[in-house]
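Enquirer: Sharing a structure here in C-alpha coordinates format.
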Amino acid sequence: MRNYRGNALLIELVIALLFFALSQAIILRVFADAQTTNADARAMTRALAQAGNVAETLRVSEDAEATLRAFGFQRREDERAQAGGYALQSADGYLLTAAITRFSQPAGLLTTVRLSAWRDGAELFSLPAVRYQGVAVP
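Just so you know, we're using our numbering here: the sequence shown kicks off at 1 and counts up by one.
Okay, here's the thing in C-alpha coordinates:
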(Lines of atoms letter the chains of each structure in order from A and count residues from 1; the text may use other names and numbers.)
(Lines give C-alpha, C1' and ligand atoms only; values in the text may rest on other atoms or scores of the structure.)
Protein backbone atom coordinates (compact mmCIF):
# COMPACT_ATOMS: atom_id res chain seq x y z
CA MET A 1 0.00 0.00 0.00
CA ARG A 2 2.83 2.34 0.85
CA ASN A 3 4.45 1.85 -2.58
CA TYR A 4 1.16 2.74 -4.29
CA ARG A 5 0.95 6.08 -2.41
CA GLY A 6 4.52 6.93 -3.43
CA ASN A 7 3.74 6.26 -7.10
CA ALA A 8 0.55 8.34 -6.93
CA LEU A 9 2.46 11.25 -5.38
CA LEU A 10 5.16 10.96 -8.05
CA ILE A 11 2.57 10.96 -10.84
CA GLU A 12 0.84 13.94 -9.27
CA LEU A 13 4.13 15.87 -9.10
CA VAL A 14 4.93 15.04 -12.74
CA ILE A 15 1.48 16.27 -13.82
CA ALA A 16 1.96 19.49 -11.83
CA LEU A 17 5.39 20.05 -13.41
CA LEU A 18 3.98 19.46 -16.90
CA PHE A 19 1.18 21.92 -16.19
CA PHE A 20 3.62 24.61 -15.04
CA ALA A 21 5.93 23.97 -18.00
CA LEU A 22 3.01 24.35 -20.40
CA SER A 23 1.88 27.52 -18.62
CA GLN A 24 5.37 28.97 -18.86
CA ALA A 25 5.57 28.22 -22.60
CA ILE A 26 2.25 29.97 -23.20
CA ILE A 27 3.24 33.00 -21.12
CA LEU A 28 6.59 33.31 -22.91
CA ARG A 29 4.79 33.23 -26.26
CA VAL A 30 2.43 35.99 -25.11
CA PHE A 31 5.37 38.15 -24.01
CA ALA A 32 7.19 37.55 -27.31
CA ASP A 33 4.09 38.59 -29.27
CA ALA A 34 3.72 41.67 -27.08
CA GLN A 35 7.32 42.65 -27.75
CA THR A 36 6.81 42.27 -31.52
CA THR A 37 3.63 44.35 -31.37
CA ASN A 38 5.46 47.00 -29.36
CA ALA A 39 8.29 47.18 -31.92
CA ASP A 40 5.80 47.48 -34.79
CA ALA A 41 3.89 50.23 -33.00
CA ARG A 42 7.11 52.09 -32.24
CA ALA A 43 8.18 51.94 -35.90
CA MET A 44 4.76 53.13 -37.07
CA THR A 45 4.82 56.00 -34.57
CA ARG A 46 8.23 57.08 -35.86
CA ALA A 47 7.05 56.82 -39.46
CA LEU A 48 3.97 58.91 -38.70
CA ALA A 49 6.01 61.53 -36.83
CA GLN A 50 8.53 61.79 -39.66
CA ALA A 51 5.80 62.00 -42.31
CA GLY A 52 4.06 64.69 -40.26
CA ASN A 53 7.28 66.71 -40.02
CA VAL A 54 7.83 66.44 -43.77
CA ALA A 55 4.19 67.37 -44.51
CA GLU A 56 4.33 70.46 -42.28
CA THR A 57 7.55 71.60 -43.94
CA LEU A 58 6.14 70.98 -47.42
CA ARG A 59 3.09 73.11 -46.65
CA VAL A 60 5.30 76.19 -46.24
CA SER A 61 7.96 75.29 -48.80
CA GLU A 62 8.03 76.79 -52.28
CA ASP A 63 10.13 73.98 -53.78
CA ALA A 64 8.79 70.53 -52.89
CA GLU A 65 11.66 68.64 -54.56
CA ALA A 66 14.35 70.58 -52.68
CA THR A 67 12.51 70.06 -49.40
CA LEU A 68 12.24 66.32 -49.95
CA ARG A 69 15.94 66.10 -50.83
CA ALA A 70 16.77 68.07 -47.65
CA PHE A 71 14.93 65.41 -45.62
CA GLY A 72 16.98 62.67 -47.32
CA PHE A 73 14.46 61.49 -49.93
CA GLN A 74 15.90 60.20 -53.19
CA ARG A 75 14.28 60.18 -56.61
CA ARG A 76 12.92 56.74 -57.34
CA GLU A 77 11.03 55.04 -60.13
CA ASP A 78 8.94 52.13 -58.83
CA GLU A 79 5.35 51.21 -58.12
CA ARG A 80 5.42 52.46 -54.53
CA ALA A 81 7.13 55.78 -55.15
CA GLN A 82 5.02 56.17 -58.31
CA ALA A 83 6.33 57.74 -61.47
CA GLY A 84 8.71 60.54 -60.67
CA GLY A 85 8.32 60.04 -56.93
CA TYR A 86 10.73 60.17 -54.04
CA ALA A 87 11.48 57.58 -51.38
CA LEU A 88 13.27 57.40 -48.03
CA GLN A 89 14.22 54.07 -46.43
CA SER A 90 14.22 54.14 -42.63
CA ALA A 91 16.39 52.18 -40.22
CA ASP A 92 13.16 50.96 -38.56
CA GLY A 93 12.22 49.04 -41.68
CA TYR A 94 9.58 51.31 -43.15
CA LEU A 95 9.71 53.13 -46.47
CA LEU A 96 8.38 56.67 -46.84
CA THR A 97 7.37 57.64 -50.37
CA ALA A 98 6.36 61.01 -51.76
CA ALA A 99 4.45 61.56 -55.01
CA ILE A 100 4.22 65.13 -56.28
CA THR A 101 1.32 66.35 -58.42
CA ARG A 102 0.78 69.89 -59.66
CA PHE A 103 -2.41 71.51 -60.91
CA SER A 104 -1.92 74.81 -62.70
CA GLN A 105 -4.64 77.43 -63.09
CA PRO A 106 -4.50 81.05 -64.25
CA ALA A 107 -4.91 82.13 -60.61
CA GLY A 108 -2.04 80.01 -59.26
CA LEU A 109 -0.45 76.61 -58.77
CA LEU A 110 -1.72 73.86 -56.47
CA THR A 111 1.03 71.44 -55.41
CA THR A 112 0.03 68.22 -53.65
CA VAL A 113 2.57 65.82 -52.16
CA ARG A 114 1.15 62.48 -51.08
CA LEU A 115 3.33 60.94 -48.37
CA SER A 116 2.88 57.21 -47.81
CA ALA A 117 4.55 54.82 -45.39
CA TRP A 118 5.16 51.19 -46.38
CA ARG A 119 6.34 48.20 -44.39
CA ASP A 120 6.69 44.63 -45.62
CA GLY A 121 4.94 45.54 -48.87
CA ALA A 122 1.82 46.93 -47.18
CA GLU A 123 0.84 50.58 -47.01
CA LEU A 124 0.60 51.74 -43.39
CA PHE A 125 -0.87 55.19 -43.99
CA SER A 126 -1.04 58.04 -46.47
CA LEU A 127 -0.80 61.73 -45.66
CA PRO A 128 -1.35 64.65 -48.09
CA ALA A 129 0.60 67.90 -47.97
CA VAL A 130 -0.99 70.66 -50.05
CA ARG A 131 0.34 74.13 -50.93
CA TYR A 132 -1.33 76.76 -53.07
CA GLN A 133 0.79 79.48 -54.61
CA GLY A 134 -1.25 82.31 -56.00
CA VAL A 135 -0.17 84.52 -58.87
CA ALA A 136 0.43 88.16 -58.01
CA VAL A 137 -2.38 90.28 -59.43
CA PRO A 138 -1.15 93.48 -61.15
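Every residue, glycine too, gets a C-beta built ideally from N, C-alpha and C.
Note that this is a predicted model, so its numbers are computed, not measured.
1) Going straight from the alpha carbon of D40 to that of D120, what length do you get?
2) For the beta strand (DSSP E) that contains A122, what are its first and last residues?
3) DSSP beta-bridge partners for Y94?
4) Please state if the CB of L68 and the CB of A47 are separated by a distance shorter than 8 Å.
5) From the DSSP output, which residues share a beta bridge with G85?
6) Within the same chain, show all residues whose beta-carbon is closer than 7 Å to that of A93, passing over the 5 residues directly before and after it, in chain order.
7) Measuring CB to CB, does Q50 end up less than 8 Å from L96?
8) Can you give me the Cβ contacts of L58 inside the same chain, cut-off strictly under 7 Å, excluding the 5 residues immediately before and after it?
9) Determine the closest residue to A107 out of Y86, S90, V135 and A8, with distance taken between C-alpha atoms.
10) Ends of the alpha helix (DSSP H) at A64?
11) Pick helix, strand or coil for S23, following the three-state DSSP scheme.
12) Determine the contact status of A21 and L115, defining contact as a CB-CB distance below 8 Å.
Expert: Let me spell this out:
1) One-based indexing of the sequence shown puts residue 40 at position 40. One-based indexing of the sequence shown puts residue 120 at position 120. Rounded to whole angstroms, D40 to D120 spans 11 Å at the Cα level.
2) Within the sequence shown, residue 122 is the residue found at index 122, counting from 1. Segment A122 to G134, the beta strand (DSSP E) holding A122.
3) Sequence index remark: in the sequence shown, residue 94 carries index 94 (1-based). None; Y94 has no bridge partner.
4) As a first step, residue 47 must be located in the sequence shown, where it is residue number 47. As a first step, residue 68 must be located in the sequence shown, where it is residue number 68. No, Cβ-Cβ distance for A47 and L68 is not below 8 Å.
5) Along the sequence shown, read from residue 1 onward, the residue named residue 85 stands at position 85. The partner list for G85 (beta bridge, DSSP) reads R76.
6) The sequence position of residue 93 within the sequence shown is 93, counting from 1. The displayed chain sequence assigns Gly, not Ala, to residue 93. For G93, where only same-chain residues beyond five positions count, the Cβ hits under 7 Å are A43 and R119.
7) The residue given as residue 50 occupies position 50 in the sequence shown. The residue given as residue 96 occupies position 96 in the sequence shown. Contact: yes.
8) For the purposes of this step, residue 58 is taken as residue 58 along the sequence shown, with counting starting at 1. Within the same chain, L58 has close Cβ partners A64, T67, V113, A129 and R131.
9) Reading the sequence shown from its first residue, position 107 is the one you call residue 107. Among Y86, S90, V135 and A8, the Cα nearest to that of A107 is on V135.
10) As a working mapping, residue 64 is identified with position 64 in the sequence shown. It spans A64 to A70 - the alpha helix (DSSP H) in which A64 sits, taken as one unbroken run.
11) Working through the sequence shown from its first residue, we reach residue 23 at position 23. If DSSP states are grouped into helix, strand and coil, S23 belongs with the helices.
12) Here residue 21 refers to the residue found at position 21 of the sequence shown. Here residue 115 refers to the residue found at position 115 of the sequence shown. No. Outside cutoff.
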